[in-house]
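Before any comments, here is the structure.
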Amino acid sequence: MSTSTSTSSGPGSVRNATGRPHAGPQSVAGEVSAFLAFLGAHRQWAPVVIAYLSAWWLPFYWCFREDRWWGRWDSAIIYQPFVPLGVLFLLWADRTRIAAVWDSIKNRTSERKRRGTILLLVLGCVLLFLAHLVHVAAIAVVALILMAAGVVVRLYSPVMLRALFLPFLFFLTMMPPPSSLVSKAERFFESGAARAIATLMRGEASGRNVLLGTTQVIITPSTNGLNIALMLAAALLLVGMRRRMRMLTTLLMMTLGIALGLSANFLRIIALAATATPAPALSDFIKGMNPLLIVVPTFLLTLYLEKRLRPSLEWLGKRLSWLGALTAQSEKMTETLADTAGRTIGKRVVKVGRASTNFTENLLRALERPFKKRRRNRW
Amino acid sequence: MHWPEAIGFILSALGILFSALVMRRRDLKILGQIGALIAVAGLLGSFSTYRFARAGKWLPPAPDNLAGWSVKDTPFTDSILSQLGYPQALGREYTNPFGETVYWTLVTAGPFENYHDPTVCVPGNGFTLTAKKEFYLDGPGGARVRAMIFKHTTGARMLMYYWTQNRDGSTATEARMGNYRDITARFQTGYGAVVKGNQTVIARIYTIIPPEDPDGAIAQRNVTEISRATYRLMKEDGRKRRPGDTWL
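Residue numbers (this note's numbering), protein chains in the order written: chain A, 1 to 379; chain B, 380 to 627.
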């Protein structure tokens, strides 16, 4: 992306390296080469990207190595490290519309007016420091998302942030939930799976243990299915956002995908129980298999079924029109509330925002002074 | 310095350097400014992690010459150290001529994983917290400590004193376990370690109350005696300058 001060196009995502506008969908290889050409043409963003990665590094380390939320496949929230890729995908796929929004912003306002406040970015930075003081990854991730939003507001105005609502909404799914909530959900999934297996195979369930004759099966985090359900939910939410599907239809598709994923996992537990005594090696393999082996086929099957069931889903959507209307109404209400709040707060904080912008700019000017080229006195 | 914060420092420094270079171009000045701001935030994060590690670098000695008490070293097992994130730690047993034993542990308090509050950890071993009280160990204005009584499923009772002590002698008793409910205490710890540069240790001193001591008076006297000696020794040691001490 280039800034409004650069000589090239605006957010730039729509134009290829040669400056020609994007010409519709291409093959995957074509998209990749176009993306790489785009990155090459916007090298001036490197400092911001390196700085942003440096800010991400320690929170990423906490989640990956210390808490091991992102470092093991049986973690319930293993989908989270892949969220930035989803955000990039949404941005890249929507580049034509984003560029159109940027063109309209550029045409309507002067450069000075379209620069948003730096307040959001400063708030994100302060929150990140606080997150480091209390060492809570969730606060750090929120701060980093705020910082990204702050960069958009500062460079491209709040109107652009609004245009990027869906990618930022998807970005929020990266926030690690409280570990107590994850533990509760894991226990719920484990005891639920144990009860279902016990009912189906006439065994006895106690907590997460199932006794089938002389064989004891323990439902562990690697087999409870929560990671599969959340991975499918995130992937299908991404599809729904990419296709700009209605919220209700996206929810139905996600429900279908999660139901299929949990059913597949249920079959896996049955296979695990059935092979525990005659073939322990096979049972261990089933227990330790990568969840992607279930998630990928289930995801593709859900997409196929969604295509086939689209008329039925639409029919269901009509039957549930009251729910759709309710959703639309609530969306409208939220938007109105957000607008009103934004206007009210905006008026009050505009002075603070301007003061903070001036302060930060002065501070940065002072910081950059030692790096400035000094003009040589030719005399 | 450990490798995570070292990588953080390097990345942030690169961010600042590139931003400064970009800032020299008039048309890209704003990108440089934004990059510099974000890189400074990243740098502060790395600095915080470094300071947390520094907070756990002070391990005072254990009291050795307590009249009437014999001492036995009881080092921490590797599994316990692993749970605590490998802090520096000392473990001891003090026994008096009547055969009454007081168990004594001292753990350096760097990152939050070093903090395991007894009210969260001890119940995992079959104990239930039945009473809790905070008081000054060494007279008014002295060391504020938390006394707890735990009862085991077998009926045995345990009396434990718990506190964290900074190098300047100040103490705190709040729980700082890794959950979201203790956010104020976590902020105090973070502010103390990162901004004020506190170096802290965690003291847990406990004994099993024998059946012939129904009021726990003897147990209390024993634990108080060892705790008071520990507090005074740590306060004295904290004032001494040690090789390797840096203001940063």
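Just so it is clear, CB atoms sit at the ideal spot from N, CA and C, and this is done for glycine as well.
Please read these numbers as outputs of a predicted model, since none were measured by experiment.
Neighbour flag for residue i against chain B, beta carbons, 7 Å
i, result
"A/ALA271", "no"
"A/HIS132", "yes"
"A/CYS125", "yes"
"A/PRO21", "Because the pLDDT at A/PRO21 is just 46, under 50, the model does not fix this residue reliably, and the value given afterwards should be weighed accordingly. Judged by the 7 Å Cβ criterion, A/PRO21 is not in contact with chain B."
"A/PHE359", "no"
"A/ALA51", "yes"
"A/PRO47", "yes"
"A/ALA55", "yes"
"A/LEU128", "yes"
"A/VAL182", "no"
"A/HIS135", "yes"
"A/LEU58", "yes"
"A/GLN44", "yes"
"A/TYR304", "no"
"A/VAL151", "yes"
"A/TYR61", "yes"
CB of residue i within 7 Å of CB of residue j, strictly
i, j, result
"B/ALA434", "B/ALA572", "yes"
"B/GLN578", "B/ARG546", "yes"
"B/GLU472", "B/LYS451", "yes"
"A/ILE380", "A/ALA233", "Given that chain A is displayed from residue 1 to residue 379, the structure contains no residue 380 of chain A and the question cannot be resolved."
"A/LYS287", "A/LEU272", "yes"
"B/LEU390", "A/TRP62", "no"
"A/ILE145", "A/PHE171", "yes"
"A/THR197", "A/PRO291", "Reading off the sequence shown, one finds Ile at residue 197 of chain A, where the question assumed Thr. Cβ atoms of A/ILE197 and A/PRO291: not closer than 7 Å."
"B/GLY464", "B/ASN504", "no"
"B/VAL580", "B/LEU485", "yes"
"B/LEU538", "B/ILE588", "yes"
"A/LEU256", "A/THR302", "yes"
"B/GLY414", "B/GLY394", "yes"
"B/ARG536", "A/VAL134", "no"
"B/PHE506", "B/HIS531", "yes"
Contact with chain A by residue i, beta-carbon distance below 7 Å
i, result
"B/SER458", "no"
"B/ARG565", "yes"
"B/VAL499", "no"
"B/LEU463", "no"
"B/THR428", "yes"
"B/GLU615", "no"
"B/PRO383", "yes"
"B/LEU612", "no"
"B/ALA554", "no"
"B/PRO410", "For the record, residue 410 of chain B in the displayed sequence is Leu; it is not Pro. Yes, B/LEU410 counts as interfacial toward chain A."
Bounding residues of the alpha helix (DSSP H) (the contiguous stretch that carries residue i)
i, result
"B/TRP382", "382-402"
"B/ALA488", "Neither: B/ALA488 is in no alpha helix (DSSP H) and is coded neither H nor E."
"A/LEU164", "Where A/LEU164 is concerned, there is no enclosing alpha helix (DSSP H), given that its DSSP letter is neither H nor E."
"B/SER461", "457-462"
"A/SER27", "A/SER27 -> no alpha helix (DSSP H), and no H or E assigned at all."
"B/ILE587", "Per DSSP, B/ILE587 belongs to no alpha helix (DSSP H); it is in the beta strand (DSSP E), 579-588."
"A/GLY86", "83-93"
"B/ALA598", "596-618"
"A/TRP57", "46-61"
"B/GLN412", "408-434"
"A/GLY288", "280-288"
Any non-hydrogen atom of the ligand FMN closer than 6 Å to residue i Cβ
i, result
"B/TRP542", "Annotation note on the ligand FMN: not contained in the displayed structure, which lists no ligands."
Whole-angstrom C-beta distance between residue j and residue i, which should lie under 8 Å
i, j, result
"A/TYR52", "A/ILE105", "No, A/TYR52 and A/ILE105 are not in contact; Cβ-Cβ is about 23 Å, not under 8 Å."
"A/MET160", "A/VAL122", "Not confirmed; about 19 Å, so no contact."
"B/TYR540", "B/ALA554", "Their Cβ separation, rounded to whole angstroms, is 15 Å, which puts B/TYR540 and B/ALA554 out of contact at 8 Å."
"B/VAL501", "B/THR586", "Rounded, the Cβ-Cβ distance is 14 Å, inconsistent with contact."
"B/GLY387", "B/GLY421", "7 Å"
"A/GLY380", "A/LEU262", "With chain A represented from 1 up to 379, any question about residue 380 of chain A goes unanswered, as that position is not in the structure."
"A/PRO167", "A/LEU120", "A/PRO167 to A/LEU120, Cβ: 16 Å. No contact."
"A/PRO59", "A/VAL141", "6 Å"
"A/ARG154", "A/ILE118", "5 Å"
"A/ALA143", "A/ASP67", "About 17 Å separates the two Cβ atoms, so there is no contact after all."
"B/PRO442", "B/LEU612", "5 Å"
"A/LEU237", "A/LEU316", "Not confirmed; about 19 Å, so no contact."
Unbroken beta strand (DSSP E) run spanning residue i, endpoints
i, result
"A/THR117", "It is not in any beta strand (DSSP E) - A/THR117 carries neither H nor E in the DSSP assignment."
"A/LYS307", "Run containing A/LYS307: none in the beta strand (DSSP E); it sits in the alpha helix (DSSP H), 292-308."
"B/LEU469", "468-474"
"B/ASP452", "449-452"
Identify every run of the alpha helix (DSSP H) within the segment 192-255 of chain A, keeping only runs that are complete inside it and at least 4 residues long; order them along the chain. 226-242
Can you list the beta strand (DSSP E) stretches of 3 or more residues lying completely in the segment 480-566 of chain B, in chain order? Listed in chain order, they are 480-487, 506-515, 523-531, 536-545.
4 or more residues per run - each alpha helix (DSSP H) lying fully within the segment 96-146 of chain A: 111-114, 119-134
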